[in-house]
Amino acid sequence: MDIFGKSLTELRDLIKSNKISSKELFSYFAKRAEKYNSDLNAYLTMIDFTDHSEGDLSGIPIAIKDNFCTQGVRTTASAKVLDSFIPPYESTVTRRLKEAGVLFTGKTNMDAWAHGSSTETSDYGPTKNPWDTTRAPGGSSGGSAAVVSSFLAPAAIGSETAGSIRQPASWCGIVGLKPTYGRVSRYGVIAMGSSFDCPGPMTQTVEDAAMILQVIAGKDPYDATSATEEVPDYRKQMTEKRTLTFGVPDEYMKGLDRDVEKKVEESLKVLEKLGHKVKRVSLLDPKYSISVYTILQRAEVSSNLARYDGIRYGNGRDAFGSEAKRRMMLGTYTLSHGYYDAFYKKAQKIKTLIIEDLKRVFDDVDLIVAAPTPMTALKLGEFEKYPFFGETMDVLNEAAAVAGTPAISIPCGLDSKGLPVGLQFMGNYFDEGTILNAAYQFEKETNFFDVLAEGRKKYE
Amino acid sequence: MSKTGDLTKKDVLHIAKLANLQIQDANIEMYRTQLEETINYVENLDELDTSNVEPTSHSTRLSNIYFEDGTKNSRQFTQKEALQNAKSTKKSMFVVKRIME
Numbered sequence: 142m143d144i145f146g147k148s149l150t151e152l153r154d155l156i157k158s159n160k161i162s163s164k165e166l167f168s169y170f171a172k173r174a175e176k177y178n179s180d181l182n183a184y185l186t187m188i189d190f191t192d193h194s195e196g197d198l199s200g201i202p203i204a205i206k207d208n209f210c211t212q213g214v215r216t217t218a219s220a221k222v223l224d225s226f227i228p229p230y231e232s233t234v235t236r237r238l239k240e241a242g243v244l245f246t247g248k249t250n251m252d253a254w255a256h257g258s259s260t261e262t263s264d265y266g267p268t269k270n271p272w273d274t275t276r277a278p279g280g281s282s283g284g285s286a287a288v289v290s291s292f293l294a295p296a297a298i299g300s301e302t303a304g305s306i307r308q309p310a311s312w313c314g315i316v317g318l319k320p321t322y323g324r325v326s327r328y329g330v331i332a333m334g335s336s337f338d339c340p341g342p343m344t345q346t347v348e349d350a351a352m353i354l355q356v357i358a359g360k361d362p363y364d365a366t367s368a369t370e371e372v373p374d375y376r377k378q379m380t381e382k383r384t385l386t387f388g389v390p391d392e393y394m395k396g397l398d399r400d401v402e403k404k405v406e407e408s409l410k411v412l413e414k415l416g417h418k419v420k421r422v423s424l425l426d427p428k429y430s431i432s433v434y435t436i437l438q439r440a441e442v443s444s445n446l447a448r449y450d451g452i453r454y455g456n457g458r459d460a461f462g463s464e465a466k467r468r469m470m471l472g473t474y475t476l477s478h479g480y481y482d483a484f485y486k487k488a489q490k491i492k493t494l495i496i497e498d499l500k501r502v503f504d505d506v507d508l509i510v511a512a513p514t515p516m517t518a519l520k521l522g523e524f525e526k527y528p529f530f531g532e533t534m535d536v537l538n539e540a541a542a543v544a545g546t547p548a549i550s551i552p553c554g555l556d557s558k559g560l561p562v563g564l565q566f567m568g569n570y571f572d573e574g575t576i577l578n579a580a581y582q583f584e585k586e587t588n589f590f591d592v593l594a595e596g597r598k599k600y601e
Numbered sequence: 009m010s011k012t013g014d015l016t017k018k019d020v021l022h023i024a025k026l027a028n029l030q031i032q033d034a035n036i037e038m039y040r041t042q043l044e045e046t047i048n049y050v051e052n053l054d055e056l057d058t059s060n061v062e063p064t065s066h067s068t069r070l071s072n073i074y075f076e077d078g079t080k081n082s083r084q085f086t087q088k089e090a091l092q093n094a095k096s097t098k099k100s101m102f103v104v105k106r107i108m109e
């Protein structure tokens with residue numbers, strides 16, 4: 142049977158109608174990984190086939206970013222500090238997936254501790270972008286984006302602190318959804334910025350993202366910050382006939398690569414053609430989100446990484462790479478005596494301003510539309526040219542990250558180099574349904590310009 | 009230490025000590041420059057007036073989340089599980105460096 146390029150939804154139907162067994166499907170992806178992973182370095186650890194539960198996603202193979210604790214399976218967050226760490230417990234996200242019948246193909250490469258936007262800070266070497274293996278896949282969920290893009294898994298789980306789902310999804314031509322902060326439990330996710338971290342799906346289609354979110358969303362007693370709001374039926378919300386108002390922030394259309402700008406403009410035309418209203422809006426300059434994010438996230442990193450002492454598990458603190466050290470030191474500095482008010486508290490106050498700013502715009506529009514990142518995939522090593530590389534790549538992602546609002550990146554065409562360009566929809570708190578609805582309408586209208594089929598031809 | 013980005017090598021070593029990190033002499037200047045660069049950047053926040061603004065920690069303002077009394081904690085590890093990743097154990101305990109004479 143020809144499995145290549147089938148969505149998670151299609152594979153689910155094939156399994157449900159017994160056209161393929163979960164074991165056959167699993168071995169199909171295992172063989173593909175065996176063939177292509179040595180080149181892409183997208184998986185760090187492969188997982189063997191096991192029995193699975195019966196549920197909504199029975200027998201569906203999914204790849205998991207290596208910062209989710211998987212019981213009995215090595216989990217490193219791509220950091221040598223955790224080189225030999227075998228978690229004695231399961232993260233809530235992976236537990237919920239297992240209960241829904243999912244099988245894990247393997248653990249995917251990422252920037253070490255999720256510190257980065259290119260997967261090049263991984264202690265296990267960079268992941269290559271399947272579109273062009275001389276380029277980076279983006280990050281930090283670069284391994285997850287690459288396995289979906291090259292079809293080494295039909296879908297993957299990523300996590301985002303600021304852009305780590307949306308930016309690699311955009312650079313690899315796939316769908317990446319960052320849910321509202323607290324919508325998905327962080328329990329068992331190796332903590333980076335605890336007030337930002339959001340697990341989310343990275344998929345080939347919008348429906349696949351909705352289906353995975355349905356399984357992983359919801360209150361978790363083991364994550365006190367997880368949201369108590371009821372989880373709606375996302376696929377129902379996705380398919381409702383709706384006419385929406387989109388806001389395009391002027392401040393987010395500046396400094397874009399020309400091809401990216403052109404594709405976003407063309408996408409706005411598609412939205413108008415679908416009968417939606419598109420209007421210009423104004424948001425706080427994203428440079429302030431960068432600063433708030435930098436201060437709060439570094440502070441949280443310095444606190445979260447303080448636990449790695451090599452006594453209870455893992456290696457000692459000399460095993461940290463320079464990026465982690467740099468972040469811990471900045472966080473330690475801003476939290477130190479006499480500086481807390483000037484940095485941390487100030488940043489928390491501006492976080493309030495950013496939230497109010499977004500809420501003001503959401504009084505007027507259903508969704509905000511922008512590019513997820515100002516450029517398409519850069520060459521490996523090119524990040525060294527940018528002093529604020531991660532922040533520059535994620536400048537358009539940081540407002541939603543700081544505010545904790547949801548957003549999606551979907552493919553919207555190719556640039557002049559033949560690389561995928563992403564489009565971002567940002568929504569109000571807990572309004573994943575509207576985001577999915579708009580993304581699904583866009584997908585139905587354009588089939589994402591067949592971007593993904595084009596990019597993975599050589600992996601057929 | 010001053011806020012205006014004139015970090016010294018001594019500051020860098022002090023921060024590294026607080027963070028329990030070993031920094032090689034050859035790298036002190038690199039970290040000093042990078043930290044200074046970042047601190048200078050984030051000072052753009054001073055352009056915004058926050059005199060009447062409350063700080064936000066949890067973005068959707070959740071607070072006071074408790075377990076019900078008597079909730080069974082199924083997260084609890086067995087001693088074996090808790091120790092399974094430790095490099096050095098003795099009599100089912102973690103071995104740590106002596107901190108008092």
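In order, the protein sequences belong to chains H and U. Residue numbers for the first sequence follow the working numbering, beginning at 142 and rising by one. Residue numbers for the second sequence follow the working numbering, beginning at 9 and rising by one. Even for Gly, the Cβ is constructed at its ideal location relative to N, Cα and C. These numbers come from a predicted model, not from an experiment.
For this session: Count the other CB atoms, across all protein chains shown, that sit within 10 Å of the CB of phenylalanine 145/H; report buried if there are 16 or more and exposed otherwise.
Result: Translated into positions along the first sequence, residue 145/H becomes position 4. So phenylalanine 145/H ends up on the exposed side.
Problem set entry | Own chain partners of phenylalanine 590/H with C-beta closer than 8 angstroms, once the 5 adjacent residues on each side are dropped | As a position in the first sequence, residue 590/H is number 449, starting the count at 1. If we look at phenylalanine 590/H and ignore the five residues flanking it on each side, its Cβ neighbours are Pro552, Cys553, Gly554 and Leu555.
Exercise. Name the chain H residues that come within less than 7 angstroms of lysine 17/U, Cβ to Cβ?
Worked result: For the purposes of this step, residue 17/U is identified with residue 9 of the second sequence, where counting begins at 1. Those within 7 angstroms of lysine 17/U in chain H number zero; the least Cβ separation is about 13 angstroms.
For this session: Run the CB neighbour count on tyrosine 481/H, radius 10 Å, all protein chains shown included, and call it buried at 16 or more, exposed below.
Result: Position 340 of the first sequence, counting from 1, holds the residue named residue 481/H. The residue in question, tyrosine 481/H, is exposed, as its Cβ has fewer than 16 Cβ neighbours within 10 Å.
Exercise. Would you say proline 515/H faces chain U, with C-beta separation under 8 angstroms as the test?
Worked result: Position 374 of the first sequence, counting from 1, holds the residue named residue 515/H. Chain U contact via Cβ: absent.
Problem set entry | arginine 237/H classed as buried or exposed, judged by whether at least 16 other C-beta atoms fall within 10 angstroms | Along the first sequence, one-based indexing puts residue 237/H at 96. Buried, since its Cβ has 16 or more Cβ neighbours within 10 Å.
For this session: Report yes or no: is there a C-beta of chain H within less than 8 angstroms of the C-beta of threonine 12/U?
Result: Along the second sequence, read from residue 1 onward, the residue named residue 12/U stands at position 4. Low confidence applies here, because threonine 12/U scores a pLDDT of 49, under 50, leaving its location unreliable; read the following figure in that light. By this cut-off, threonine 12/U is not an interface position.
Exercise. Checking contacts by CB at 8 angstroms: is serine 100/U closer than that to chain C?
Worked result: This model lacks chain C altogether; the protein chains it does include are H and U.
Exercise. What residue range is occupied by the uninterrupted beta strand (DSSP E) comprising glutamine 582/H?
Worked result: Position 441 of the first sequence, counted from the first residue, corresponds to residue 582/H. Glutamine 582/H -> not in any beta strand (DSSP E); alpha helix (DSSP H) instead, spanning 573-587.
Exercise. What are the residues of the segment 519-552 of chain H that lie near chain U, defined by any Cβ-Cβ distance shorter than 9 angstroms?
Worked result: Pro528, Phe529, Glu532, Val543, Ala544, Gly545 and Thr546
For this session: Determine the chain U residues that contact proline 320/H at a beta-carbon separation under 8 angstroms, and present them in chain order.
Result: Position 179 of the first sequence, counted from the start, is the residue given in the question as residue 320/H. By Cβ distance, chain U contributes nothing, its closest Cβ being about 12 angstroms from proline 320/H, past 8 angstroms.
Exercise. Is asparagine 60/U near the ligand FAD, with its Cβ less than 7 angstroms from a heavy atom?
Worked result: Among the ligands in the structure shown, none appear at all, so the ligand FAD cannot be discussed.
For this session: List the DSSP bridge partners of isoleucine 203/H.
Result: Residue numbering aside, residue 203/H sits at position 62 when the first sequence is read from its first letter. Answer by DSSP bridge pairing, in chain order: Phe245/H.
For this session: Please go through the same chain and pick out, in chain order, the residues whose beta-carbon is closer than 8 angstroms to the beta-carbon of alanine 594/H, but skip the five residues on each side of it.
Result: In the first sequence, counting from the first residue as 1, residue 594/H sits at position 453. Gly146, listed in sequence order.
Problem set entry | Those runs of the alpha helix (DSSP H) which lie wholly inside the segment 327-408 of chain H and span at least 4 residues | 347-357 and 375-380
Problem set entry | Residues of the segment 67-82 of chain U with Cβ closer than 8 angstroms to any Cβ of chain H, in chain order | Ser67, Thr68, Leu70, Ile73, Phe75 and Thr79
Exercise. Buried or exposed: which applies to threonine 12/U, given that a residue is buried once 16 or more other Cβ atoms fall within 10 Å of its Cβ?
Worked result: Here the question's residue 12/U lines up with position 4 in the second sequence. In this predicted model, threonine 12/U has a pLDDT of only 49, less than 50, meaning its place in the structure is not dependable enough to derive any value.
Exercise. What's the C-alpha gap between aspartate 400/H and phenylalanine 566/H?
Worked result: As a first step, residue 400/H must be located in the first sequence, where it is residue number 259. As a first step, residue 566/H must be located in the first sequence, where it is residue number 425. Taking the straight line joining both Cα atoms gives about 19 angstroms.
Problem set entry | Cross-chain neighbours of alanine 24/U in chain H, by beta carbon under 7 angstroms | Taking the first residue of the second sequence as position 1, residue 24/U is located at position 16. Near alanine 24/U (Cβ distances below 7 angstroms), the residues of chain H are Met470.
Exercise. If we cut at 8 angstroms on Cβ distances, does alanine 34/U have a partner in chain H?
Worked result: Position 26 of the second sequence, counted from the first residue, corresponds to residue 34/U. No, because no Cβ of chain H sits closer than 8 angstroms to the Cβ of alanine 34/U.
Problem set entry | Residue environment, valine 103/U, which counts as buried when at least 16 other CB atoms sit within 10 Å | Taking the first residue of the second sequence as position 1, residue 103/U is located at position 95. Note on valine 103/U: under 16 other CB atoms within 10 angstroms of its CB, so exposed under the neighbour-count rule.
Problem set entry | Close-in-space but distant-in-sequence residues of the same chain around serine 10/U (CB under 7 angstroms, 5 per side omitted) | The residue you call residue 10/U lines up with position 2 of the second sequence. Its pLDDT being 45, under 50, serine 10/U is placed unreliably in this model, and the value from its coordinates should be taken loosely. For serine 10/U, where only same-chain residues beyond five positions count, there are no Cβ hits under 7 angstroms.
Exercise. Under 8 angstroms between the Cβ atoms of leucine 29/U and methionine 470/H?
Worked result: Taking the first residue of the second sequence as position 1, residue 29/U is located at position 21. Taking the first residue of the first sequence as position 1, residue 470/H is located at position 329. The beta carbons of leucine 29/U and methionine 470/H sit closer together than 8 angstroms.
For this session: For serine 432/H, return the contacting residues in chain U, with the cut-off set at a CB-CB distance below 9 angstroms.
Result: Translated into positions along the first sequence, residue 432/H becomes position 291. Here the neighbours are Tyr49, Val50, Glu51, Asn52 and Leu53.
For this session: Ignoring anything shorter than 4 residues or poking outside the segment 463-490 of chain H, list the alpha helix (DSSP H) runs there in chain order.
Result: 463-476
Problem set entry | Range of the contiguous beta strand (DSSP E) that encloses valine 422/H | Indexing the first sequence from 1 puts residue 422/H at position 281. Element bounds for valine 422/H: 418-422.
Problem set entry | Interface partners of alanine 488/H on chain U, CB under 7 angstroms | Counted from its first residue, the first sequence places residue 488/H at position 347. Per Cβ cutoff of 7 angstroms: Leu53.
Exercise. How about leucine 21/U: is its C-beta nearer than 8 angstroms to some C-beta of chain H?
Worked result: Position 13 of the second sequence, counted from the start, is the residue given in the question as residue 21/U. Chain H contact via Cβ: absent.
For this session: For the beta strand (DSSP E) containing glycine 563/H, list its first residue and its last residue.
Result: Stepping through the first sequence from its first residue, residue 563/H is reached at position 422. It spans 561-567 - the beta strand (DSSP E) in which glycine 563/H sits, taken as one unbroken run.
Exercise. Would DSSP call methionine 251/H helix, strand or coil?
Worked result: For the purposes of this step, residue 251/H is identified with residue 110 of the first sequence, where counting begins at 1. Of the three classes helix, strand and coil, the one that applies to methionine 251/H here is coil, per DSSP.
For this session: Report yes if the CB atom of threonine 268/H is closer than 8 angstroms to the CB atom of alanine 183/H, and no otherwise.
Result: Translated into the one-based positions of the first sequence, residue 268/H becomes position 127. Translated into the one-based positions of the first sequence, residue 183/H becomes position 42. Yes, these two residues count as a Cβ contact at 8 angstroms.
Exercise. So with Cβ pairs under 8 angstroms, would you call glutamine 87/U a contact of chain H?
Worked result: By 1-based counting over the second sequence, the position of residue 87/U is 79. Answer no: the Cβ-Cβ gap between glutamine 87/U and chain H never drops below 8 angstroms.
Exercise. Given that arginine 458/H touches chain U, what residues does it touch there, using C-beta distances under 9 angstroms?
Worked result: As a position in the first sequence, residue 458/H is number 317, starting the count at 1. What arginine 458/H touches in chain U: Ala27, Asn28, Leu29 and Gln30.
Exercise. Using DSSP with H/G/I as helix, E/B as strand and the rest coil, what is threonine 12/U?
Worked result: Within the second sequence, the letter at position 4 stands for residue 12/U. Note that threonine 12/U has pLDDT 49, beneath the 50 cutoff, so the model's placement of it is unreliable and no number is given.
For this session: Measure the Cβ-Cβ separation of alanine 296/H and methionine 251/H and say whether it is below 8 angstroms.
Result: Taking the first residue of the first sequence as position 1, residue 296/H is located at position 155. Taking the first residue of the first sequence as position 1, residue 251/H is located at position 110. No.
Problem set entry | Residue closest to glutamate 62/U, alpha-carbon to alpha-carbon, out of Pro515/H, Glu586/H, Thr473/H and Leu494/H | Your numbering for residue 62/U matches position 54 in the second sequence. Comparing Cα-Cα distances from glutamate 62/U to each of Pro515/H, Glu586/H, Thr473/H and Leu494/H, the minimum goes to Leu494/H.
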